[in-house]
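Heads up: the sequence shown runs through residues 1 to 312, numbered per full-length UniProt numbering.
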Amino acid sequence: MEEAQRLGGKALHIKAQSVASNKAYPIPECSPPSFSGDDPSRNIIAFSLFGDKARYCETAIMNCDAVARLLPGWKCRFYCDETVPREVRDRLVAKGGEVAMVGAAHKNVPPLMWRFLVADDSQVTRFLVRDADSLIGEREKALVEAWLVSGKWFHLIRDWFTHSELILAGLWGGCRGALPGMQSLIAEFVASGNYSSTHMDQHFLRQKVWPTLCQSVLAHDSQFDLAGVVRFEPAKGSMEHIGANLSAVQIGAPEAAPDGSRIRWTLLDDAGKSVCSYVATVKNAQWRDHLPSLYADNIKHHGWTVRTELLG
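Take a look at the structure:
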């Protein structure tokens, strides 16, 4: 772990130097807007959500509950397209979330970067950007609250030895007015081709956002000694760090139906009530899917079950 931290810290220094001459926009001379939780619609936690997989959709729904409990002055917003099942979108709204359908005007924005468009919303005062498969928790709440009174325009978190990027795509936030048009920045970046397709969102943040963000940021870092960071107590385990992938538990079973057949699986609680339902495809004589670890724990210890149905 110590060697990984040393190398990760070195990587951060190299990355910061590599974009030191990139264009930076001046931070407003005034203080950032003070936080008010009276209208959560002005304080948005933005997620990209696409596809019909439980590992993302169910954790997204769980985040609505987590935010209501831990950050009641904030509201979850999910940037979605039609690939997200209508039932999931309805459940997000019922839980207090907001669904923003991505239309033709944003067709050139890569899906992982839809969530960054929150920075362009004139009705938003402060925003956080998060991953749909990671659950907001108590440790994160404390760091966000520290940012709100810090006088800094931006916030970022690094909490694991693999977090060796200047800005993690799902662990940063800011105040509206400190960046120019986000959609224009994204379009310039995509047109440049100067990125890896598998890490496009983080390469964008490094090249286009970091030079501005680093001028006024509260950087919470439990791992690395980059200049200006505020250290905090590291997580006790791999699944407890901020930004951990919550949906790493696989479920499934052998299936006699031919490969390519579609199976609807439904998760039932201990009273037999449906919790969620999704469709999986048979491959190599079995079906597989992924669940949030909290759901898997309920199957293992609390009598939850999975019912399957072969679709015609």
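The beta-carbon is built from N, C-alpha and C at its ideal position, and this holds for glycine as well.
Computed from a predicted structure; not experimentally measured.
Q. Taking three-plus beta-carbon pairs below 8 angstroms as touching, is the stretch 126–145 in contact with the stretch 235–247?
A. yes
**Q.** Those residues which DSSP pairs with N43 across a bridge
**A.** R126
Q) Taking the continuous alpha helix (DSSP H) assigned at G9, which residues delimit it? A) E2 to S18
Q. In terms of alpha-carbon separation, which member of P258, N43, V275 and D90 lies closest to D121?
A. N43
Q. If you compare alpha carbons, which of V229, G228 and A244 is closest to A235?
A. A244
Q.
So F116 and I186 are supposed to be a Cβ contact under 8 angstroms. How far apart are they, rounded?
A. 7 angstroms
Q. With distances taken from CA atoms, which of I299, L246, K107 and V282 is nearest L267?
A. I299
(Q) Mapping the DSSP letters down to three states, classify R139 as helix, strand or coil. (A) helix
(Q) Could you pull the DSSP bridge partners for A100 from this structure? (A) Y79
**Q.** Neighbourhood of A16 by C-beta distance below 8 angstroms, restricted to the same chain and skipping five residues each side
**A.** L166, W210, C214 and L226
Q. On the three-state DSSP scale, how would you describe V144?
A. helix
Q) Would you say V217 and K152 are within 8 angstroms of each other, going by their C-beta atoms? A) yes
Q: Starting from T281, trace the beta strand (DSSP E) both ways and give me its first and last residue.
A: S274 to T281
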